[in-house]
Structure formats: structure tokens, C-alpha cells
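Input: a single structure, listed below in C-alpha cells.
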Amino acid sequence: VVALTIDENGMAKTVADKMRVAQRLYDFAVKQHRLPAHDLLFDPLTFTICTGMEDDRLHGVHTLEAIAQIAKTFPECQILLGLSNISFGLKPAARYVLNSVFLHHAQQRGMTAAIIHVSKIMPLHKIDPEQREAAEDLIFNRQREGKDSLLWFIELFKDVNTVATVKAPPATIEEALKRRIIDGNKQGLVDDLRTALEKYSPLDIINTFLLDGMKVVGELFGAGQMQLPFVLQAAETMKAAVAFLEPLMEKNTGQQKGTLVLATVKGDVHDIGKNLVDIILTNNGYKVVNLGIKQPLQNILDAAKQQAADAIGMSGLLVKSTVIMRENLEEMKRLGITTPVLLGGAALTRRYVENECRASYTVPENVHYAKDAFAGLQLMKQIMGG
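For the sequence shown, this note's numbering begins at 29 and goes up steadily by one.
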């Protein structure tokens, strides 16, 4: 349920009014009508800061502060914004930058959802530093060196029809491949891969340049400088690169070294990392039974029994997937299962796996943290005594 901070007095514009209305909405929806708190999305409203009127200059500050206070006061609830209202009245290129910078600061304060067209935003790290600083001055109503923040921001974009981005041309093919992953740019990808193949094996290309790019994407996402749509673009580029390189890899055709049943856990649709594990292990002589995405535990256990699996691999990108993995281990413990388990995914940490997850399993030392596909390969070697 989306609840906007509007009452009989109109739309709430100050922090105090936004919080007063939010409390009334919470009392009405959650306390009076028993709506689960996690199903309530507060919209503290966004208004343009680009009119030039003195009262409008603080709209951004009030909205950001309200987000922070709502997140603290109602931690189980969600926070939603119709984000692009903040830049209403500006040229398209200026709106592009202001929307992106405001999105970053809203996320930092606890916003969990936004109504916005993904083509109208960009990752923070790609915005020209001067434009980003000017956008922040406008959002926070900071006047520098006698410059009016609104007039200065408008002046910056006076003759700009497209957004300036920080993008020096890559000097080497290695850097070009890494940049393609970071930028989510598939155009010309195959040509670059063919060039790289003149110097490197397919496995080396994946292991170094492509995975290095995904590592940067993960760091930017974790720092709030890259939004999820751009992470998914990067993942799709990685997927396309791997799809091109996989048929070119030398397969180990000797006796199979062991069997791994592999799956993305229930409720999660992400499979880039899981599929990399499949490719790397398969090309190193292991049999991988890849069950796909959104797999309930019973499907995984049935496949493990049917295939006489030497290990089970569970993967997932979402934070909630880490909880599902632990719950799966608890159920496997109840069933008396002792099969070695490999856990991997962007939201996992070694500490969580080795503390929380191991404590939930029948044989704690049989639960392993696979940081990436190559860590998974080394773990399978250990499990098989290689």
C-alpha cells in the first residue's frame, strides 16, 4: 500500500508535516487496520527545487530529512518517491544529472523504491564532477562564492544537449573489456573479445578482465554509486561475453572428477554467477547439474539424490536469499543430510557463511563459502580430495 504524506491540510512540505502525516498513516494502516508494516510504502513527496522561489529551495532538504526520519521511526516500512519531480522545469540534460544525484542521496538516507524511468538516470560515478557538485549545491541549497546555486546549475547546462560523462578512452584491450562490463556496453563486444583471444585463452579473459569488471560493479553498487538497473546491464554484458567464449574453451574430456548439483535458491532469478560456476567446473572435468533459478529445496534434494551428488551449490543475489540458504541448511540438518554445500552470491559474506550458516548444518565444516566461480573450483577439488 502506497501512502502519500497528504492530509486535509494539503501536501506536506516540511519535515515536521511529513512526519506528522506519516505517523497518522502508520496508525491508521498498521495499528487500526492491521496492515503488515512491511507492506506499507511511505511517499514523503518530492517537489521541484527549480522555480527560483525562496520557499521552494528547501524542498530537497526537507524530503531527504523526512526519508531519514521515516526510515528510523518506521524501520519495517518501505519508502517510495516519484523522484523526477525534483527537477521539474529544467532542460532534459540538467534533469538527468539532478535526478541521478538526488536518487543517490535519497538511497543513502533509506529510500527503498523510486518511480522513475531508468533511461533518465545514470550511475553517479559517470557524472562530471563539476555537474555533480553543482547538483548537490542545488539540492542542499548551498550558495558558493556568491553564486546562486539554481542560476549556476542552469548556466552549466545552458548549451548542453547531452550529459557529459567521465569516460576516457581505454588504452588497452584489457581495459576495454573491463570497461565494457562496468558500463554494461555490449555494442562491439564480440570484436573486442576476438582481439583479446589473440593474446589470451577464453578462461584467462573471464578470470581476469571480465571478473575484474564485475568486481568494480559490485563495489560501486555497494557504495550506492550504481543503481540496480545498471548492475543488471553489466550482468547481461558479462553473460553475453561468457556465451561467446564458452564454446571456445578446451573441455576436459577425461574421467569426471565429481558431481555438483547447482541452483539459484527459491525466490531469486539471478543466475550469472551460478552459470559461471557451471562453465568453469564443467570445463575442468566436473559434472554440473544446473537446475536453474527459483529452486525450492525439495527440487535440489531430489536432484542431489538422483545424481548421487558429491556436493550441492546454492546461489543467489538478493539479501533475502542468504536467509533462505540458512533455512535450507536447517531443513537439511533436520533430514540428516551431510552432503558438502557450497554457498555463493553477492549478498553473502565469509563471516555469515562460516558463522550463521555452518551453525545451521548437520556437519558445520561441510558448509563452504565460494567467493566466485574459481573459488568454487578449488572447493570442489578439496571436496573430491584433489
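Idealized CB from N, CA, C, for every residue including glycine.
Values in this document were obtained by computation on a predicted structure and should not be read as measured data.
- Taking 8 Å as the cut-off, the beta carbon of Asp67 is found no closer than this to the beta carbon of Arg52.
- In this structure, Thr91 lies near Pro72, with their beta-carbon atoms less than 8 Å apart.
- When Cβ pairs closer than 8 Å are counted between the two stretches, the stretch 126-133 is seen not to touch the stretch 238-249, the count staying below three.
- Using a Cβ distance threshold of 8 Å, Ala50 and Thr33 count as a contacting pair.
- Residue burial annotation: Gln255 is buried, with at least 16 other C-beta atoms found within 10 angstroms of its C-beta.
- In the DSSP secondary-structure assignment, Tyr397 is bridged to Leu371.
- Membership of Gly246 in the alpha helix (DSSP H) is indicated by the continuous run 239-250.
- Here Ser229 carries a coil assignment [DSSP, helix/strand/coil].
- Counting only the Cα atoms, Met47 lies some 35 Å from Leu376.
- At the C-beta level, Leu357 and Ala398 stay beyond 8 Å of one another.
- A distance below 8 Å separates the beta carbons of Leu111 and Ile144.
- Taking each of Gly301, Leu184, Leu231 in turn and checking the Cα distance to Leu345, the smallest one comes out for Gly301.
- Taking one beta carbon from each stretch, the stretch 251-271 and the stretch 158-172 have fewer than 3 pairs nearer than 8 Å; the two do not touch.
- The three-state secondary structure of Leu69, taken from DSSP, is strand.
- Taking 8 Å as the cut-off, the beta carbon of Met353 is found closer than this to the beta carbon of Val293.
- Distance from the CA of Asn127 to the CA of Met81, rounded to the nearest whole angstrom, comes to 20 Å.
- Counting every other CB atom within 10 Å of its CB across the protein chains shown gives Asn318 a total of 16 or more, marking it as buried.
- A straight line joining the alpha-carbon of Val289 with that of Leu231 spans about 22 Å.
- Counting along the chain, the unbroken beta strand (DSSP E) around Thr292 starts and ends at 287-292.
- Two segments are said to touch when three or more pairs of C-beta atoms, one from each, lie closer than 8 Å; by this definition the stretch 164-184 does not touch the stretch 97-104.
- With 16 or more other Cβ atoms from the protein chains shown falling within 10 Å of its own Cβ, Asp45 counts as buried.
- Note: Lys175 is bridge-paired with Arg172 in the DSSP secondary-structure output.
- If you compare the alpha carbons of Gln106, Ile107, Leu108, Arg123 with that of Ile114, the shortest gap goes to Arg123.
- Residue burial is scored here from C-beta neighbours: Met39 has fewer than 16 other C-beta atoms within 10 angstroms and is therefore classed as exposed.
- The DSSP-derived three-state label of Ala31 is strand.
- Between Ile210 and Leu273, the C-beta spacing is not below 8 Å.
- In the assembly as shown, Asn37 is an exposed residue. Its beta-carbon has fewer than 16 other beta-carbons within 10 Å.
- Annotation: Met412 to Lys285 spans about 7 Å, alpha carbon to alpha carbon.
- DSSP places Ala224 in the helix class (H, G or I) of the three-state scheme.
- In this structure, DSSP gives Gln410 a helical state, which the three-state scheme calls helix.
- Annotated as distal: Val218 and Asn169, with beta-carbon spacing of 8 Å or more.
- The continuous beta strand (DSSP E) containing Val316 extends over residues 315-318.
- Among the bridge pairs identified by DSSP, Met47 is matched with none.
- Inclusion of His153 and Gln253 in the CB contact set at 8 Å is warranted, their separation being smaller than that value.
- In this structure, Val30 sits away from Leu86, with a CB-CB distance that is not shorter than 8 Å.
- Relative to the Cα of Pro120, the nearest Cα in the group Ile149, Thr140, Asp330 belongs to Ile149.
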